[in-house]
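So for the sequence shown, full-length UniProt numbering puts the first residue at 1; every next one is plus one.
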Amino acid sequence: MKVRKLHALTYIFIFFTTCHGLEPISGVATVAAGVSAVFFASFRAIKCQFKECCTKRWINLNTTELSSSLKDQVYGQHLVIKAVVRHIKAHLSNNDPSKALALSFHGGTGTGKNYVSKIIVNHLYKEGMKSGFVHMIASTKEFPHADMVHLYKDKLRELIETSVNNCERSMFIFDEIDKMPPGLIDTIKPYLDYYDNLNGINYRKAIFIFLSNTAGTEIFQQTLSFWHEGKERDTIELKDMEKLVTTSAVNTKTSGFYHSDVLLRHMITAYIPFLPLERKHIRQCIKDYLLLKKYYTNHGDIKEEKVREIAEQLQYFPEEEQLFSTTGCKRVPEKTDYVMEED
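Have a look at this one:
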């Protein structure tokens with residue numbers, strides 16, 4: 001293949017020097033440049049077979065597998081599964097999206113916001129969370145001081161601009177956005193907007209995911225209302241929650257989204273509520289962990305009384321109904337290990 005390309009360049013050299021009267025030295029320079037281009041293109045192609053590059057070999061989504069994994073591994077979150085798959089698929093199948101994808105996950109502790117983010121990453125990037133194109137930004141670690149917002153803004157701009165310049169399909173996951181200093185999030189507004197490019201860089205293929213506990217109380221109250229009315233939680237629709245979430249996010253003074261232009265200018269593609277988890281969902285999490293840690297070999301071997309014992313180690317609310325887990329599935333591993341250690 002390389003030999004054929006070299007022969008072709010040689011013919012081009014002869015053509016231009018004989019038919020167009022190029023000086024031999026100029027012709028040699030032209031051919032040398034062409035040979036160099038072929039060499040570096042071939043080198044890059046070989047390198048990308050073994051080292052992560054911003055190509056389909058390393059960044060590629062199988063929507064069917066993503067949907068299947070979410071359905072098998074995420075419990076009690078029908079709104080999440082449907083919305084995430086649709087938005088991710090629509091964004092990635094569009095070679096020229098109008099703007100970057102911005103998903104805002106809202107809900108209480110342990111409802112699966114981080115977990116779902118990692119599932120998305122693992123199905124999109126071959127290297128998963130180890131990918132150089134995935135950036136997990138923990139607000140409490142990266143932005144701990146409210147009086148240093150001006151420095152954080154520069155740091156955030158540099159991260160996003162450098163990353164997207166390196167790979168247009170970069171992903172940024174902002175954890176605990178509710179603990180981010182107010183005003184900081186607006187730094188990323190230009191990258192979420194409808195610009196064709198900013199200083200020569202196209203940000204419209206990037207993905208931003210925001211994780212927040214904000215609106216967790218409102219989501220819980222709405223879910224509880226459905227339960228009191230005898231309605232199945234699966235009948236809750238996105239429209240039942242979206243206004244509650246956006247209103248809470250933009251008006252909560254301790255939220256990173258407080259009076260943010262990112263929200264007020266409608267830069268968020270979708271607000272996705274994570275519902276509080278019931279006891280039946282906690283039991284499913286417990287069974288998964290028991291199998292993961294090889295306490296049991298298969299589902300059929302798991303003792304239901306042991307699952308109930310572990311589930312009772314967790315706290316539930318409201319006080320009267322004792323319906324939802326206070327910490328979702330977050331404390332399932334430690335409680336499971338504690339109970340199983342007794343055996």
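The C-beta atom is built at its ideal place from N, Cα and C for all residues, glycine as well.
Cβ distance (whole Å) where residue i is taken to contact residue j below 8 Å
i: residue 159; j: residue 135; result: 7 Å
i: residue 184; j: residue 256; result: 7 Å
i: residue 336; j: residue 286; result: 6 Å
i: residue 172; j: residue 137; result: 6 Å
i: residue 168; j: residue 205; result: 4 Å
i: residue 66; j: residue 238; result: That pair is no contact at about 19 Å.
i: residue 203; j: residue 191; result: 4 Å
i: residue 314; j: residue 327; result: 7 Å
i: residue 147; j: residue 260; result: Actually they are not in contact, since the Cβ atoms of residue 147 and residue 260 sit about 19 Å apart, beyond 8 Å.
i: residue 307; j: residue 331; result: Contact doesn't hold; Cβ gap of about 15 Å is too wide.
i: residue 81; j: residue 125; result: Not quite, the Cβ-Cβ distance comes to about 20 Å (not below 8 Å), so this is no contact.
Cut-off 6 Å between Cβ atoms - residues of its own chain near residue i, not counting five sequence neighbours on either side
i: residue 251; result: none
i: residue 220; result: 276
i: residue 310; result: 286, 335, 336 and 339
Cβ neighbours of residue i in the same chain (closer than 7 Å, five flanking residues each side left out)
i: residue 340; result: 295
i: residue 246; result: 263 and 271
i: residue 69; result: 119 and 123
i: residue 165; result: 201
i: residue 87; result: 101, 103, 269 and 270
i: residue 222; result: 240, 241 and 244
i: residue 62; result: 123
i: residue 89; result: 63
i: residue 128; result: 121 and 122
i: residue 333; result: 289
Residues near residue i in its chain [Cβ-Cβ closer than 8 Å; skip 5 each side]
i: residue 213; result: 106, 107, 108, 109, 176 and 178
i: residue 98; result: 194 and 204
Neighbour-count burial assignment, residue i, 16 or more Cβ in a 10 Å radius
i: residue 91; result: buried
i: residue 281; result: buried
i: residue 19; result: Confidence in residue 19 is poor, its pLDDT being 48 and thus under 50, which makes the residue's placement too unreliable to answer from.
i: residue 265; result: exposed
i: residue 76; result: buried
i: residue 357; result: Any answer about residue 357 is impossible in this case: the structure gives the chain only from 1 up to 343.
i: residue 64; result: exposed
i: residue 143; result: buried
i: residue 254; result: exposed
i: residue 10; result: Interpretation of residue 10 is limited by its pLDDT of 48, a score under 50 that renders its predicted location unreliable; no figure is taken from the coordinates.
i: residue 248; result: buried
i: residue 325; result: buried
Beta-carbon spacing of residue i, residue j below 8 Å
i: residue 241; j: residue 189; result: no
i: residue 133; j: residue 174; result: no
i: residue 83; j: residue 207; result: no
i: residue 291; j: residue 227; result: no
i: residue 180; j: residue 117; result: no
i: residue 170; j: residue 52; result: no
i: residue 318; j: residue 258; result: no
i: residue 85; j: residue 115; result: no
Cβ contact check for the stretch 272 to 280 and the stretch 197 to 207: 3 or more pairs under 8 Å: no
For the stretch 137 to 154 and the stretch 221 to 239, state whether three or more C-beta atom pairs, one from each stretch, are separated by less than 8 Å. no
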